[in-house]
Amino acid sequence: MPRLLLLSLLLLPAHLGGAPDPPLFAVSEPLRAVLNAPILEAYRDKDKQERLYLQGSWSQKRGEQTERLSVKIRTRGNYRREMCDRPPLQLNFRKKEVVGTLMAGQDKLKMVSPCERGDKYQQLVYLEYLVYQLFALYSDYHFRTRLVDVAYVDSGSGDRRWSSHNFLIEDVDHMAARYGLQELAVPHTMRVQMDLAQTALVEIFQFMIGNVDYSTLKSRPGEDCCHNTKLLVAGDADQGFIPVAYDFDSAGIINAPYATVPASVPIRRITTRYFLGWCKEEARYRDAVARINARREEALALFAESPLLSDTYRKRALKYLGDSYDYLNDEKSFARNILGKCRGEVIAG
């Protein structure tokens, strides 16, 4: 695949036909920033039920200029927050302060960073970033992301310093607003209330990447629906809920050492694909596969031409993705792994 094609793919706007992207997501090259805050204190607080925001500063390069902003940080996530020495952070900016800066239009952003030290964990971050890009190729509804190279300065330990390559994820409210929708904040939903086409696409995608750590119908106790899925809705509608997948670090294509198979899923290895979709008319799944097939060349190019991945991780990802396409396009495999594994009665429509 020519590098020019890959570049054009990476520079495609996240949402065609809508409002222009805010400055942060208007381009794809990595952002450079410095985070000065009590970061190690935030890491130590990761196990607390209530994690207070800690005050710090964020400096970012914009051309030849440096923009300095106030920021509050705290750890976020579930499994990674518990397992990682350096869990993901939530960045909370002041709305009035970001006006006219690269962060214009942003207030809350998720930042994904390597779980531990070492190149292995850095490669896993790159893989997850590319999986977000992959989902954006297939789905009209998706989160925008941006790579960011961060120099950390821990203000609570005598200015201890380190750096890593991370990526930012837009806030769910901003994502929903791009589509003229809003987030649905409920603990659970029902199959008949879901947008069947988008749900089928999400379910097929999760099978492709080997992810069984998600739900399109329910959440963890005390959280809004759904687990590693956000639901979008138009106004006060009680149906047509649109699922948007996120948090892919437990996927088989990434194969993080801390990822485990949920007890409810009958597989042993995280790299084994297992379909968790709820039964729909076969045409829904055929349409989803056709949509994915239409972007096959671009999908493989994301990994084949990415300057982020080492040769080892590139080959593994391409092998996994290529095998997934084979599984979906082999009739016997499709019948066995998709139609034969879907759950519940077939939902018409």
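Using mature numbering (1 follows the signal peptide of the UniProt record, and there is no 0), the letters of the sequence shown correspond one by one to residues -19 to -1, 1 to 330. For each residue, glycine too, the CB sits at the ideal point set by N, CA and C. In this text the structure is predicted, and so the values were computed from the model without any measurement.
If residue i and residue j are in contact, beta carbons under 8 Å, what's the gap, nearest whole angstrom?
i            : j             : result
valine 193   : valine 242    : 7 Å
serine 287   : leucine 149   : Serine 287 to leucine 149, Cβ: 18 Å. No contact.
glutamate 22 : glycine 137   : 5 Å
leucine 35   : proline 11    : The Cβ separation is near 25 Å, so there is no contact.
serine 145   : glutamine 104 : The Cβ separation is near 12 Å, so there is no contact.
leucine 108  : alanine 298   : 6 Å
valine 13    : lysine 42     : With the sequence shown as reference, residue 13 is identified as arginine, and valine is not the correct amino acid for it. That pair is a contact at about 4 Å.
arginine 62  : lysine 29     : With a Cβ gap of about 10 Å, arginine 62 and lysine 29 do not count as contacting.
valine 79    : leucine 50    : 6 Å
Can you check DSSP and say which residues form a bridge with residue i?
i                 : result
serine 40         : Val15, Arg49
methionine 84     : Looking at the DSSP assignment, methionine 84 forms no beta bridge with any residue, so it has no partner.
proline 224       : Leu212
arginine 141      : Asp135
phenylalanine 315 : Paired residue(s): none; phenylalanine 315 is not in a bridge.
glutamate 204     : Looking at the DSSP assignment, glutamate 204 forms no beta bridge with any residue, so it has no partner.
lysine 300        : Partner(s): none; lysine 300 has no beta bridge.
isoleucine 328    : Lys261
asparagine 147    : Val129
glutamine 163     : Val214
leucine 35        : Ile54
residue 331       : Look at the range of the chain in this structure, -19 to 330, and you will see that residue 331 is not part of it.
methionine 189    : Methionine 189 is not bridged to any residue.
methionine 175    : Phe222
Any beta carbon of chain C sitting closer than 7 Å to that of residue i?
i          : result
valine 214 : Of the protein chains in the structure, only one exists, and it is not chain C.
Measuring straight from C-alpha to C-alpha, what distance separates residue i and residue j?
i                 : j                 : result
threonine 47      : proline 68        : 27 Å
cysteine 96       : tyrosine 60       : 11 Å
threonine 82      : alanine 178       : 38 Å
valine 173        : leucine 165       : 15 Å
asparagine 236    : valine 15         : 29 Å
alanine 275       : phenylalanine 186 : 14 Å
aspartate 307     : lysine 313        : 11 Å
valine 200        : tyrosine 160      : Just to set this straight, residue 200 is serine in the shown sequence, not valine. The straight-line gap from Cα to Cα measures roughly 23 Å.
lysine 300        : glutamate 278     : 14 Å
leucine 213       : methionine 175    : 10 Å
isoleucine 251    : aspartate 304     : 15 Å
aspartate 205     : arginine 57       : 15 Å
valine 52         : serine 38         : 5 Å
threonine 170     : methionine 92     : 28 Å
serine 231        : alanine 240       : 5 Å
leucine 320       : leucine 115       : 24 Å
tyrosine 24       : methionine 84     : 24 Å
glutamate 31      : aspartate 88      : 20 Å
isoleucine 66     : histidine 155     : Checking the sequence shown, residue 66 turns out to be aspartate, not isoleucine. Using only the alpha carbons, I get a separation of about 29 Å.
phenylalanine 284 : aspartate 219     : 39 Å
glycine 216       : alanine 158       : 11 Å
leucine 128       : lysine 77         : 24 Å
residue 366       : serine 94         : This structure cannot settle anything about residue 366, because the visible part of the chain is limited to -19 through 330.
arginine 98       : methionine 64     : 13 Å
arginine 55       : phenylalanine 6   : 23 Å
threonine 293     : proline 238       : 16 Å
asparagine 310    : glycine 44        : 46 Å
aspartate 121     : alanine 280       : 15 Å
With a threshold of 8 Å on Cβ separation, who are the neighbours of residue i within its own chain once the five nearest residues in sequence on each side are excluded?
i                 : result
alanine 181       : Gly258, Lys261, Arg265, Tyr266, Asp268, Ala269
tyrosine 113      : His123, Phe124, Thr126, Phe148, Ile150, Tyr227, Phe229
arginine 272      : Tyr119, Leu182
leucine -9        : Reliability fails at leucine -9, whose pLDDT of 39 lies under 50, so the model's placement of it is uncertain and no value is given.
histidine 208     : Asp194, Tyr195, Ser196, Lys199, Ser200, Arg201
arginine 324      : Leu257, Gly258, Trp259, Cys260
isoleucine 248    : Val193, Val242, Tyr255
phenylalanine 222 : Leu165, Thr170, Gln174, Met175, Asp176, Leu212, Leu213, Val214
proline 168       : Lys199, Ser200, Glu204, Asp205, Cys206
aspartate 100     : Ser291
arginine 295      : Phe284, Ala285, Ser287
leucine 162       : Leu213, Val214, Ala215, Ile223
Among the residues of its own chain, which have a CB less than 6 Å from the CB of residue i, if the five just before and after it don't count?
i                 : result
valine 134        : Asn17, Asp140, Arg142
isoleucine 86     : The sequence given here places glycine at residue 86; isoleucine does not occur at that position. Cβ neighbours of glycine 86 beyond the five flanking positions: Pro3.
leucine 90        : Leu72, Leu149
leucine 33        : none
lysine 322        : Phe256
glycine 233       : Gly191, Ile251, Thr252
phenylalanine 188 : Arg254, Phe256
arginine 317      : none
alanine 132       : Val15, Ser144
serine 40         : Val15, Thr47, Arg49
leucine 289       : Tyr107
Take residue i and list the residues in its own chain whose beta-carbon comes closer than 7 Å to its own, dropping the five residues that flank it on each side.
i              : result
asparagine 246 : It should be noted that the sequence gives valine, not asparagine, for residue 246. Within the same chain, valine 246 has close Cβ partners Val193, Tyr255.
lysine 211     : Val153, Glu164, Val225, Tyr227
serine 291     : Gln104
glutamate 263  : Leu320
valine 327     : Cys260, Lys261, Glu262
Run through the stretch 235 to 284 for me and flag every whole alpha helix (DSSP H) of 4 or more residues, listed as ranges in chain order.
263 to 275
Go through the stretch 56 to 133 residue by residue and report every complete run of the beta strand (DSSP E) that reaches 3 residues or more, in order.
70 to 74, 89 to 93
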